[in-house]
Amino acid sequence: MSVKDAKKDILKLVKKYENKGEDLWRNKITKELNLNPNTFKKAVAELEKEGKIKTKMGIVDETVEVNRKRRALLFTTKNG
Numbered sequence: 915m916s917v918k919d920a921k922k923d924i925l926k927l928v929k930k931y932e933n934k935g936e937d938l939w940r941n942k943i944t945k946e947l948n949l950n951p952n953t954f955k956k957a958v959a960e961l962e963k964e965g966k967i968k969t970k971m972g973i974v975d976e977t978v979e980v981n982r983k984r985r986a987l988l989f990t991t992k993n994g
């Protein structure tokens, strides 16, 4: 996706979430648009420079539950 297209899509999302009254965090943009990180950075920088959006640092309150299985190397003695 080009920077120009990314700018349009990001601006649409920002307006959509503003109308809903919800916060729009970077992870939501990443999930919905699946942008290349460099394209995202350039698009956001250009939108800020043009004065179309504002960004600020914040704290996301989230609860994460992790339950996973993974492969690992098991060491035992010859008798074990």
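The sequence shown begins at 915 in the working numbering and counts up one residue at a time. Don't be surprised by glycine CBs; every beta carbon is placed ideally from N, CA and C.
Asked	Found
Which of helix, strand or coil DSSP assigns to residue 943	helix
Alpha-carbon spacing of residue 976 relative to residue 968, whole angstroms	23 angstroms
Buried/exposed call for residue 958, threshold 16 Cβ in 10 Å	buried
Pair within 8 angstroms by beta-carbon distance, residue 946 and residue 961	no
Residue 966 and residue 925 closer than 8 angstroms at C-beta	yes
Residue burial classification, residue 893 (beta-carbon count within 10 angstroms, cutoff 16)	An answer regarding residue 893 cannot be provided, because it is not within the stretch 915 to 994 covered by the chain.
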